[in-house]
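Everything below concerns the one structure shown next.
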Amino acid sequence: MTDHCNSNSLISINEALKNIYHTLSGIAGEETVNLHTALDRVLAENCFAPFDLPAFPNSSMDGYAFNSADIQTSGFDLIQSGTSWAGRPFDGEISPGQCVRIFTGAVMPKGADSVIMQEQLKVSDKVIHFPDNTQAQQNVRYIGEDVRQQDCLLAAPKQLTAVDLGLLASAGLYELRVKRKIRIAFFSTGDELRAIGKPLAEGQIYDSNRYLLTALLTDPCYEVTDLGVMIDDKAQIRQCLLAAAVNHDVIISTGGASVGDADYIKEILDEIGQVNFWKLAIKPGKPLAFGRIQQCYFFGLPGNPVSVLATYQQIVTPALRQLTGLTNSTPLRFKALCKSQLFKQAGRQEFQRGIVSQTASGEFEVISSGKQGSNILSASSRANCYIVLPREQGNVEIGEQVLVEPFSLFL
Ligand code: AMP
Ligand code: MG
């Protein structure tokens, strides 16, 4: 862990992440889950195909199966000798001059190598009229064309998607080994914080961060403990951190990490752990603490809710992914035409909140979602993206290109 706390310099997200990645080691431990509970979990072992997929040659169309040796240059007739249903194969064999009615997914009858779509045929009772230019070897799905027996179906580590679960099911695999959940505890700090439902005295506010973090931490890979609110009391915070460190992999706190008189986190952590206090070159979200209390990692996030959001998404998320063994944490960003003037001073990378849209011709455009203060949740709630502005960038004029990072795949 490199200590940047004595230097007054601001460090970039990349420097912070490099340090964090260097310090973190993946959480050991696996468990067995089944397809009903595996979505989004991280695969711990490679999965291999126990048999070929498809396991038998079958039709990709509703139509007629026939042997291409019967094809003639102009139209011709074949006699239907049976039917092959999905799950109920035709048990005979096609002889020259014969064909078999077949449905999608049904086994190809012995002697047949081609299927023609029913829409291309004229049928009079059992006599099937094939058109000119009938093609050989069409509309057949071959054994193993998807996956061969013993092929690696899924390589660990991989976060399991809906498609992955469908793939595993097609191979008859129901139980799989995944990384165990990361145990995460979090708490808010601040004498001004009140529980929702209690009246607010002057100067008091409700604890937004608790619910913001509860939602951000909702993930099948995490087992989360909400430790509630700590008042700005050194002994209480110290005791809480020491107790939580025993049975959690990660503790996250919000507030109390800057330099105000009541900001005790630094003092406590200097006593009970090894923690860096960084001034990040990002806005929102300048102060950030990262380190260890015994075997438990600690992230001290800023107090302002929009700073919590940005530091959680930009720093904590990739770190937690690394703990579960995942390394692909680069956020999706793309260029958009900026339709608002944006105010910015050079010096810190900014994550301004914006609203991105797509024109009829497919171009992306973005406007500011409103006031950019790190306490202003309403503009973040209206936003659907970050406008990511590089460190040395100044103001942005209307018509300039900017990078945006969408919050979700739906605009
Ligand atoms: P601090 O880092 O403790 O000095 O807090 C910075 C700002 O964030 C102050 O305005 C706090 O009142 C506010 N803040 C801290 N924690 C929370 C919280 N849990 N919910 C809402 N605002 C908070
Ligand atoms: Mg505070």
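By this note's numbering, the letter at position 2 of the sequence shown is numbered 38, and the numbering carries on one by one without gaps. For every residue, glycine included, the Cβ atom is placed at its ideal position computed from N, Cα and C.
Taking 8 Å as the cut-off, the beta carbon of E211 is found closer than this to the beta carbon of N70. The Cβ atoms of R216 and E66 lie closer than 8 Å to each other. Taking 3 residues as the shortest admissible run, the region 284-308 contains the following complete beta strand (DSSP E) segments, listed from N- to C-terminal end: 286-290. A distance of 8 Å or more separates the beta carbons of I152 and P93. Set against 7 Å, the gap from the CB of L229 to the closest heavy atom of the ligand AMP is smaller. In this structure, the beta-carbon distance from A221 to A271 does not fall below 8 Å. Per DSSP, the unbroken beta strand (DSSP E) holding Q437 starts and ends at Q437 to P442.
Counting C-beta pairs closer than 8 Å gives three or more between the region 166-184 and the region 107-116, which meets the contact rule. Distances from the CB of T290 to the heavy atoms of the ligand AMP include at least one below 7 Å.
In the structure shown, C276 adopts helical secondary structure according to DSSP, grouped into three states.
Cα atoms of V143 and T261: separation of roughly 53 Å, rounded to the nearest angstrom.
With a threshold of 7 Å, the Cβ atom of T261 does not count as near the ligand AMP, since no heavy atom of the ligand is closer than that.
Within a 10 Å sphere around the beta-carbon of I56 sit 16 or more other beta-carbons, which makes this residue buried. Contact fails between the region 194-206 and the region 244-255, because fewer than three Cβ pairs, one in each stretch, are under 8 Å apart. If the five residues before and after P125 are omitted, its C-beta is found closer than 6 Å to the C-beta atoms of V143, all from its own chain and listed in chain order. Look at R184 here: in three-state DSSP terms it is coil, with no helix or strand label. When DSSP states are grouped into helix, strand and coil, Q154 belongs to the helix group. Under a 10 Å Cβ-count criterion, D161 is classified as exposed, with fewer than 16 other Cβ atoms of the shown protein chains found around its own Cβ. Between the alpha carbons of Q408 and Q388 lies a gap of roughly 7 Å. For D88, there is no enclosing alpha helix (DSSP H), as DSSP marks it with neither H nor E. The alpha-carbon of R213 is positioned some 16 Å away from that of G202.
Bounds of the beta strand (DSSP E) holding H165 are V163 to F166. By the Cβ-count criterion, R184 is exposed, with fewer than 16 other Cβ atoms from all chains shown falling within 10 Å of its own Cβ. The alpha-carbon of P256 is positioned some 29 Å away from that of P323. Taken in chain order, the complete beta strand (DSSP E) segments of 3 or more residues contained in the region 382-416 are 385-394 and 400-404. By the neighbour-count definition (other C-beta atoms within 10 Å, threshold 16), D268 is a buried residue. Taking the Cα positions, K158 is about 15 Å away from Q134. Below 8 Å, too few C-beta pairs join the region 305-314 and the region 369-386 to call them touching: fewer than three. Excluding five sequence positions before and after R77, the CB atoms of its chain that fall closer than 8 Å to its own CB belong to V69, Q195, L196, V214, K215, P256 and C257, given in chain order. In the assembly as shown, W314 is a buried residue. Its beta-carbon has 16 or more other beta-carbons within 10 Å. Taking C-beta separations shorter than 6 Å and ignoring five residues to either side along the sequence, the partners of K319 in its chain run R384 and E386, following chain order.
Relative to the ligand MG, even the nearest heavy atom lies 7 Å or more away from the CB of G336.
Note on V282: under 16 other CB atoms within 10 angstroms of its CB, so exposed under the neighbour-count rule. Annotation note: the region 333-370 contains no uninterrupted beta strand (DSSP E) run of length 3 or greater.
Note on geometry: alpha-carbon atoms of V265 and G226 lie some 7 Å from one another.
Taking 7 Å as the cut-off, the C-beta of T347 does not count as close to any heavy atom of the ligand AMP.
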